[in-house]
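Number of protein chains: 2
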Amino acid sequence: MSEQIRHARERLAKYMESQGKRNTRQRDLIVDAFFVQGGHITLQELTRLVQERDSGVGFATVYRTMKLLTEAEVAHEQRFGEGQARYELADLEHHDHLICESCGRIDEFEDQVLEDRQSLVVRQLGWQLKHHRHELYGLCPECIEAG
Amino acid sequence: MSEQIRHARERLAKYMESQGKRNTRQRDLIVDAFFVQGGHITLQELTRLVQERDSGVGFATVYRTMKLLTEAEVAHEQRFGEGQARYELADLEHHDHLICESCGRIDEFEDQVLEDRQSLVVRQLGWQLKHHRHELYGLCPECIEAG
DNA sequence: CTTTCTGCAAACCCTTTGCAGAGAA
DNA sequence: TTCTCTGCAAAGGGTTTGCAGAAAG
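Chains as they are written, first to last, in our numbering: chain C, 1 to 147; chain R, 1 to 147.
What follows is the structure in structure tokens.
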């Protein structure tokens, strides 16, 4: 995981260099907060985290910084059900999501059998697959336990 | 298909009856347009269709009527990628979607192997599945052909 | 110095709702 | 007559952007 973050930081540095983007105090704060927090965070939440360290950082800057990370393919923008977008660390391996409708917990899973079957189905229909969204909604083990 | 629509109309009539909802010219226009059009339509598009027959019908009425059909489980509200919601005829059998990123075409597919594997994966992780969203994005046969 | 960034506030886009008059039953 | 429905316009909720001053290089 630390490995993943190191890789992400490198990739981001390269991207910024190549695009003539500048390093700023705000960007550092935002990127650090995002990496520390880890995953599936909204802009509102991230802004709150960043403002704990510097209350002067504005929402628009957080918004634009996450767009930047997305362009750099260091972050990935997800839109679950309704409402706000959520950002997660762009992963090297593909994964899908399990979302608990009771507590909001979001887990990731990966299953090669599913992926393969999906590819097969698409091919048989004559389509060409670019990417997909596979989200499973239900109850996590803790919420099942809790009733 | 005509069979499906007849069934939907019956179900809707029953629901409206049971809820003391009234029949109005606007609702008839909207429901007819929705049934004729078929599937994956946005409120904007549906409003435009309805207004070709009666320009006085407002967007809010279309909005509320589709909410009504959704409550009656005659229509189903989908939110693909970004932007607006889309409505489709509520199907008796479950299906998932194929979305063409070039022309916007939306097709449906159903694969029992996928469904079964999905259930298995969820169960093994200790979760309880309620419903899911499985959307495949890519190119449809025509757009592959067209290059 | 020059060019990019930032924070603010306003603009947008779509969805949702309050209200007063219109229309079913 | 009564109670629901409609159209309008405004309010919400999240995302995006114009602008003038701040800061990086």
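Cβ coordinates follow ideal geometry from the N, Cα and C atoms, glycine included.
| Check | Outcome |
| --- | --- |
| Opening and closing residue of the alpha helix (DSSP H) in which H7 of chain C lies | 2-19 |
| Contacts of E115 of chain C in chain R (Cβ-Cβ under 8 angstroms) | None at all; the shortest Cβ gap to chain R is about 10 angstroms. |
| Short-range partners of chain C found in the segment 122-145 of chain R, where Cβ spacing is below 8 angstroms | V122, L125, G126, W127, Q128, L129, K130, H131, H132, R133, H134, E135, L136, Y137, G138, L139, C140, P141, I144 |
| Chain R residues whose Cβ lies nearer than 8 angstroms to that of L98 of chain C | V122, L125, W127 |
| Neighbour list for Q118 of chain C in chain R, Cβ cutoff strictly below 9 angstroms | D111, L114, H134, L136 |
| Continuous beta strand (DSSP E) assignments of at least 3 residues falling wholly in the segment 64-91 of chain C | 75-78, 86-89 |
| Cβ-Cβ distance between K21 of chain C and L89 of chain C below 9 angstroms | no |
| Residue environment, Q118 of chain C, which counts as buried when at least 16 other CB atoms sit within 10 Å | buried |
| Exposure of D116 of chain C, with buried meaning 16 or more beta-carbon neighbours within 10 Å | exposed |
| CB contact check: D91 of chain C to chain R, cutoff 9 angstroms | no |
| Cα-Cα separation between R48 of chain C and S2 of chain R, rounded to whole angstroms | 53 angstroms |
| Limits of the beta strand (DSSP E) - the one that R22 of chain R falls within | Unbroken run through R22 of chain R: none, as it is neither H nor E. |
| For D96 of chain R, the three-state DSSP class (helix, strand or coil) | strand |
| Where D111 of chain R falls: helix, strand or coil (DSSP) | coil |
| CB contact flag (E77 of chain C, Y15 of chain C, <9 angstroms) | no |
| Beta bridge counterpart(s) of H132 of chain C as assigned by DSSP | R:L136 |
| Proximal residues of chain R, C-beta to C-beta of E101 of chain C below 8 angstroms | K130 |
| CB contact check: R86 of chain R to chain C, cutoff 9 angstroms | no |
| Chain C contact for H39 of chain R (CB, 9 angstroms cutoff) | The amino acid at residue 39 of chain R is misidentified as His; the sequence shows Gly. No, no contact with chain C. |
| Cβ distance (whole Å) where F109 of chain C is taken to contact H95 of chain C below 8 angstroms | 6 angstroms |
| Beta-carbon spacing of R86 of chain R, E142 of chain R below 9 angstroms | no |
| Straight-line gap, V57 of chain R to H7 of chain R (C-alpha atoms, nearest Å) | 26 angstroms |
| Beta-carbon contacts of T65 of chain R that lie in its chain and below 6 angstroms, excluding the five residues immediately before and after | R27, I30 |
| Of the residues C:V121, C:E93, C:V36, the one placed nearest H134 of chain R, counting alpha carbons only | C:V121 |
| C-alpha distance - A13 of chain R paired with L92 of chain C, whole-angstrom precision | 51 angstroms |
| Closer than 8 angstroms: E52 of chain C CB and nearest the ligand SAM heavy atom | The ligand SAM is not part of the structure shown, which contains no ligands of any sort. |
| Chain C contact for G152 of chain R (CB, 9 angstroms cutoff) | Outside the displayed span of chain R (1 to 147) sits residue 152 of chain R, for which this structure offers no information. |
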